[in-house]
Structure formats: C-alpha cells, structure tokens
Amino acid sequence: MAVSSLFGDCVNEYYVALARENFERRASVLASIRDRAGAECYTAAVREKLRKIFCFPERVAPKVKVTAKYIFSGFSIENLIFQSRPGWYVTANLYLPDPLPHSSEGGSSARNLPGVLFLCGHSQDGKGAKLYRTTCIGLVLKGFAVLIPDPVEQGERRQYDGIGGTSLGLCGNHNLMGRQLLLTGEYFGTWRLWDALCALDLLESRPEVDVSRLYVTGNSGGGTLTALVGAVDPRPAGIAPGCYITSWKHNIENELPADIEQTPPHALEFGLEMGDLLLAYAPRSTLILAQRNDFFDPRGARETFHEVERINSFFGTETRLFVGPTGHGLYRENRETLYGFLTKLAFGKEDSAEGQFELPPVGMTFATENGTAGFPGSRLLRELVREKCGKLARARKSIPRARLRPLLAELLNAGGTFVPHYRVLRHISVVKDLAASRFALETEKGRIMSVLSRWSADGWYFIDPMPEKVMLYVPHLDSRSELAANPPASPRSRRAGEAFGTSEAFYALDFRTIGEMTPTGTDQPAVRDFFAPYQFDYHYASLGLMAGRTVLAGKVHDILCAVELLAEHGAEITVEAHGLGCIPALFAAVLSDKIVKLKLKDCLESFESAAVSDVTTFPLSCIAPGILGLTDIPELRDSIAEKLL
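Taking the numbering used here, the leading residue of the sequence shown gets 7, the next gets one more, and so forth.
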C-alpha cells in the first residue's frame, strides 16, 4: 500500500500518551501503599478488574486419556489428551520421576511430588520443542512432576493444516482466531488461559502430586500464560514467567506488536499494568526471568520487579529477578536459575545445575496419531465459532433505530462528538485541474487524528462558509490515491473570480490509521501492508482493545466529528464510503441524523461472514467486540433504509 503518510506518528503518540498516563497514575497509587493492609486492598482491586476481563466457561469432565507411556533413565513420560471445553481437546505430556519416591511413612508415593505446570511459548512444535523438553527433563530429574500442554495451533493442536491460514504463520493464526472470536464477544486469550487452568486441574488431580506445592512457569507466550494463571488462580505457590515481563508502557513506546492473547481487553482502561498480573494473588513467591537482549524490554522487567518486590515485602514473600546474558529464549542460564528457585521453594534447598541427559525423540511426545483435529469428537475453533454465530443470529431481535442507537454507542464507547479544532495545511495538486485543500482535525484532545480534504479546481484555505450540500468520501485505505484514480465526477467549487458559497462541495476524510494518518512505525518495511497479520494496523487495533476503545470506535468518532464540523453551518451531508470505510461510515450513519444519505460500495456482506470463514482477512481495526450479539450489517442497513442510496 503506497500512501503519503504525513502524520505517521500521530496514532502511535496517542497510545504512548495513554500508556504513560496510566503508568504514572498507577505508580502514584503504588507509592501510596505503606503497609500490608494497603497492599491487600490494592491486590483485591486488581483481582476484581481481572474478573471483568476474563470470563470463563463452566468446567466440563476432562475425559483424560493416556495414549502412551515411555520409561527412560530417571523419569517417565505419559502422553495425555484431555478436554477443556466440549469437543475442545488438549494434548499434553506428564513427566514423572522414575522410580517414584516413597513417602516418609514408606511404601506410598501418593501426594509426594511437587508439581510444575510448564507452559509453552510460540513454538510450532509446542511441547515437543527442544528447549521445552530440556527444561521438563531438567525439572523431573530434580523431583518434580511436570505437565506440559500444547497451546492451540501448536504441537498437535493445529487448526489450519491444509488451508490458507498456514501462510499467516503461528502468531498470525492466533490473531486470526482472535478476530473471529471477538466478533462473537469472546477473547482468544481467555481460551488459551482456560486451557492452562484446566491443565492445572489435571496436574492437581494426579495422585502423585502434592497440591500444596504447585508451581507455574513458561517462556515467551508461556511467560504470558504463567503471569495470567497466577493472576486469576490462587493455587500456585510460586510462579516464574520468562521472557515476557516488562511493562505495557515499554511495549507501546517501543512500537512492539504482541499477540492478541498478550493484549488483554480493557487492561489499560482499568488502570492495570503488567506488574499487576504478578500482584493479583500476592503474597506469592515470584521469579521474573528476562534476557539482556530481549525485544521484551528488560528495563521494564527491572521496573516491574521493583514494584512487585516492594508489595511482596509487606507479606514477607520472596521476589527474584534474573536477567540472562543472551536474547529471547529459555537458555541454560535462565533454566538453571529456574531450577534453583523451584527446588528451594519445594525442597528448602537450591539445586540449580542442569546436568547431562539425552532428549527422547520428539515423536515420543505425541499423544495422537494425526493431531487433535483427527481425534474422535474433537472440533476446530472455527467450527465452534460458527455454532455460536448461529445461536447469536437466532437470538437477535429486530431493534428499531431509536433503541439501537444507544446500544450501539455503548458497545462502541466511541466518545462524545464535538466540532473539532482544525489546522490549515498546504494544498496538494493531485490530478490536472484538481487540488486537495487539506485540514488536520484534532478529533482527540490536542491531537491530530484525521485529515479532511476538499477537492476542487482551486484551493480553499478554510472550511467555512459551507455550501448547501456536501459529499463526504470515506475511503477504503487512502483517499488521495483512490480519488486520483477515480476523480470526483464534477467537483463544484470556487474558481478564480467566483464568489464563495456555491451549492455543493466534495470532501474526503482520512481517519486514524489510513491515508495520511497511516502509521509509519512498528519497525515494518517501507511499503505498508494494512492486511498483514502483525503489522501496524493490527498493532494499534490491539492497543485500542486494551484501552477499552477500539480503533473502529475511534474511526466512527473521527467521521462524526468531521460531520459536526461540516454541518456547523447547516450543510446537508451525504457520505460515500468504499471498502473497509463502509463499516465506520455505516455505524456513523446510524448514530447521526446529520448524515442524510449514505452510499456504500464494496461493503462487507456481514460480520458473520467474516467470523465463519475458514480464513478471513477482515482486519481487527474494523471489529467491534461482541457486535454479533447485538446486530449485523444487514440489520444496520435496514435500520437506516431511508438513507441508503
């Protein structure tokens, strides 16, 4: 996508400011805590906020099946499959010491082993990845029972084999599933977290495991899950997240895209920071594992460590930080620090040396012949999404526009509409006899988030006085390139010597993340790829989720503010929207009476069609979470049928 992005930093700096303000407010609150009672009050408030973010289903019978068992020198591996939701199967390995130790009474090994839930990072091989097998064996040889489940789309739980999603890569496929779930009102991170919690249930249920000595660890995406398990479940006696903990502020400042499961909805809106995931169930022994050259900023790891250490000190609980010498990964220095931390917690004495051992072949970790997709009764996520879409469609009622408006406004949280301040920019000659007079709109307080342009044969320095009729063009991706290719048919405007205030004007709007507002950062190539699963559009849309106000809501807000400006002197406004611009334009037309006519070209058929597709390119920035529980595009069109051209 070749665009002239003259305001490429504006969207990023908007979110940087939000993150910094949140960080500073929270730091002030933490600094005000002076004793254990204050710490308990703070952690209770964190838990309440997290309960609003993560809404879990009812537990189901796990239907655990042991499909194979292998015995090696000093340990055994059981290959397991269990159910965390109806038809949603998880593959796992359970590492046990062999022979099992006897209890102090002699003869029985029941409830004698400390248990570790090891959570995988973003490895295609899941539990079969070399570093993860190495860590599990290192722990089991020190006397731990270790359960390691495959995350969805990893290891044996592949969702897209044989179809187009495989080209997106692992993280891209996670984000694809995230988009489909959000349309139905669910969060992909909750699905991953629930799988991990059910794995903890399984570990706790094993007769060999001492439930008072349960620990959780993982690296990268597994570090994320470790922090989240610790944030929502009181059972772990100690947690050790690796190569994840920094601060959301640092991630946002560094323009670092993260997987959708690493950007919890409403987290920033609720005043949370990453350290709160480690404080929710304080007091708890905590080890933060970082790396000196990690893309997850180690400065943030140190800052978070000091926050957690201070709060834990009111409870007399140990907090540790280890920053390894290398890059992102669970390398030997970090593994041995982990062993020392867990052995001290479990046995009262540190034993950090890894020792020498051979890794069993990766094939011995498989719990199925052909992955969970071929396991009897197993269902793919997209099948479950289709089922929920059907239920939502059947449950939806026709809602009159008068009632739909407040419900849609509440769902979007689009913010109050106002006449924005604008800055006068320089004219640009686009095609022969056609110039774009440009105005930068401050649709967020003091921040340019849209560029409005008037297309005419001559330049305009100000927006008023307003003609009787205005056509507002809302582009697919970039108004200038689209209108240069297909210029307005007969733009009527002031020509040399002609009076101001003619009867019709043609305007175009580039709102946040498109056209002149296309972000230039996120360390991406010079050619912007709006639809890339891990580029700028995804990144800022995920930050919108965290802020509790989606990028789509922001786009709707930008359109409504532009309409307020154009309608200030009574102009009759028609909106013509193309492609992806149809979504915010349709929402805006439902919400505003000042849009009298609406023309939609190449509009998505329905949100449901995007949700139920095997692979959809429909972007996160055009999604309102839970929209299918309220309405869909055909119903929105019906609600303003009299406006449609």
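All C-beta atoms, glycine included, are put in the ideal place defined by N, C-alpha and C. Just so it is clear, the structure is predicted and the values come from calculations on it, not from any experiment.
(request) Compute the beta-carbon to beta-carbon distance between L390 and L458, rounded to the nearest angstrom, for a pair I have assumed lies under 8 Å. (result) Not really, about 43 Å apart at Cβ, beyond 8 Å.
(message) I need the straight-line Cα distance from E30 to K561, nearest angstrom please.
(response) The alpha-carbon atoms of E30 and K561 are separated by roughly 27 Å.
(message) Rounded to the nearest angstrom, what separates G396 and L634 at their Cα positions?
(response) Computed Cα separation, rounded: 10 Å.
(request) Output the distance between the C-alpha atoms of R501 and W466, rounded to the nearest integer angstrom. (result) Summary for R501: the model assigns pLDDT 41, below 50, so the residue's position carries little reliability; its value from the coordinates is reported in the next sentence. Rounded to whole angstroms, R501 to W466 spans 10 Å at the Cα level.
(request) Can you tell me which of E159, P213, R42 puts its alpha carbon nearest to the alpha carbon of Q130? (result) Looking at the Cα atoms, E159 is the closest of the given residues.
(request) Give me whichever residues DSSP pairs with K603 in a beta bridge. (result) Answer by DSSP bridge pairing, in chain order: T580.
(message) With three or more beta-carbon pairs closer than 8 Å as the criterion, would you say the stretch 129 to 146 touches the stretch 337 to 351?
(response) By the Cβ criterion, the stretch 129 to 146 is in contact with the stretch 337 to 351, since at least three pairs of Cβ atoms, one from each stretch, lie closer than 8 Å.
(request) Would you check whether the ligand SAH has a heavy atom nearer than 6 Å to the C-beta of F542? (result) Looking for the ligand SAH in the displayed structure turns up nothing, as the structure carries no ligands at all.
(request) Go ahead and label L427 buried or exposed: buried means 16 or more other beta carbons lie within 10 angstroms of its beta carbon, across all protein chains shown. (result) The sequence given here has His at residue 427, not Leu. Exposed is the call here.
(message) To the nearest angstrom, how far is the alpha carbon of L102 from that of P155?
(response) Between L102 and P155, the C-alpha separation is close to 15 Å.
(message) Going by C-alpha to C-alpha distance, which of R518, N225, F381, S82 sits closest to Y337?
(response) Nearest of R518, N225, F381, S82 to Y337, Cα basis: N225.
(request) For the stretch 276 to 324, list the alpha helix (DSSP H) runs that are entirely contained and at least 4 residues long, ordered along the chain. (result) The qualifying runs are 280 to 285, 304 to 319.
(message) By the three-class DSSP mapping on this structure, what secondary structure does I258 have?
(response) In the three-state reduction of the DSSP assignment, I258 falls in the helix class, which pools H, G and I.
(request) Kindly indicate which three-state DSSP category K475 falls into: helix, strand or coil? (result) DSSP places K475 within a strand segment (E or B) once states are collapsed to three.
(request) Report the partner residues of V430 according to the DSSP bridge assignment. (result) Answer is F445.
(request) Kindly identify the DSSP beta-bridge partner or partners of Y221. (result) According to DSSP, Y221 bridges with V122, G244.
(request) Go ahead and pull the three-state DSSP assignment for A647. (result) Helix.
(request) Determine the closest residue to L86 out of I258, K71, Y95, with distance taken between C-alpha atoms. (result) Looking at I258, K71, Y95, the one whose alpha-carbon comes closest to that of L86 is K71.
(request) Put A373 into one of helix, strand or coil per three-state DSSP. (result) Residue state, collapsed to three classes: coil.
(request) Give the secondary structure of K133 by DSSP, where H, G and I count as helix, E and B as strand, and everything else as coil. (result) Three-state DSSP puts K133 in a helix.
(message) If I measure Cβ to Cβ from D260 and keep anything under 7 Å in the same chain, skipping five residues before and after, which residues do I get?
(response) Sequence inspection shows Asn at residue 260; the Asp mentioned does not correspond to that position. Within the same chain, N260 has close Cβ partners D303.
(request) May I ask you to report which of helix, strand or coil DSSP gives Q186? (result) DSSP places Q186 in helix when its eight states are reduced to three.
(request) Indicate the three-state DSSP secondary structure (helix, strand or coil) for R326 in the structure shown. (result) Note: R326 maps to strand in three-state DSSP.
(request) Please classify A307: is it buried, with 16 or more other beta-carbons within 10 angstroms of its beta-carbon, or exposed? (result) In this structure A307 is buried. Its beta-carbon is surrounded by 16 or more other beta-carbon atoms within 10 angstroms.
(request) For the alpha helix (DSSP H) containing V17, list its first residue and its last residue. (result) From DSSP, the alpha helix (DSSP H) with V17 extends over 16 to 37.
(request) Check whether the stretch 599 to 615 touches the stretch 567 to 577, taking contact to mean three or more Cβ pairs, one atom from each stretch, closer than 8 Å. (result) Touching, yes, given that three or more Cβ pairs across the two stretches are closer than 8 Å.
(message) Less than 6 Å between C-beta atoms, sequence neighbours within five positions excluded: which residues of the same chain meet that for Y21?
(response) These residues qualify, in order along the chain: I258, L549.
(message) Within a Cβ cutoff of 6 Å, which residues of the same chain sit near R117, ignoring the five residues on either side of it in sequence?
(response) For R117, where only same-chain residues beyond five positions count, the Cβ hits under 6 Å are D216.
(request) Could you name the residues of the same chain whose beta carbon sits closer than 7 Å to that of P494, not counting the 5 residues immediately before and after it, in chain order? (result) Non-local C-beta neighbours of P494 in its own chain, meaning closer than 7 Å and more than five positions away in sequence, comprise W461, F512, ordered along the chain.
(request) Pull up the distance between the alpha-carbon of S612 and that of A630, whole angstroms please. (result) Straight-line Cα distance between these residues: approximately 13 Å.
(message) Can you find the residues in the same chain that come closer than 8 Å, C-beta to C-beta, to K75, ignoring five residues on each side of it along the sequence?
(response) Here the set comprises S82, I83, E84, N85.
(request) Could you tell me the distance, in whole angstroms, from the CA atom of C16 to the CA atom of A359? (result) Those two C-alpha atoms are separated by around 50 Å.
(message) On a Cα-Cα basis, can you pick out the residue from P213, R402, F321 that is closest to T190?
(response) Closest by alpha carbon: R402.
(request) For my contact list, H433 and A441 are in at a C-beta cut-off of 8 Å; report their separation, rounded to the angstrom. (result) Between H433 and A441 the beta-carbon gap is near 5 Å, inside 8 Å, which marks them as a contact.
(message) Would A286 and V52 qualify as a contact pair, given that the criterion is a beta-carbon distance under 7 Å?
(response) Contact: yes.
(request) Please determine, among S319, I317, V437, N340, the residue with the shortest C-alpha to C-alpha distance to F328. (result) When the alpha-carbon of F328 is set against those of S319, I317, V437, N340, the nearest one is in N340.
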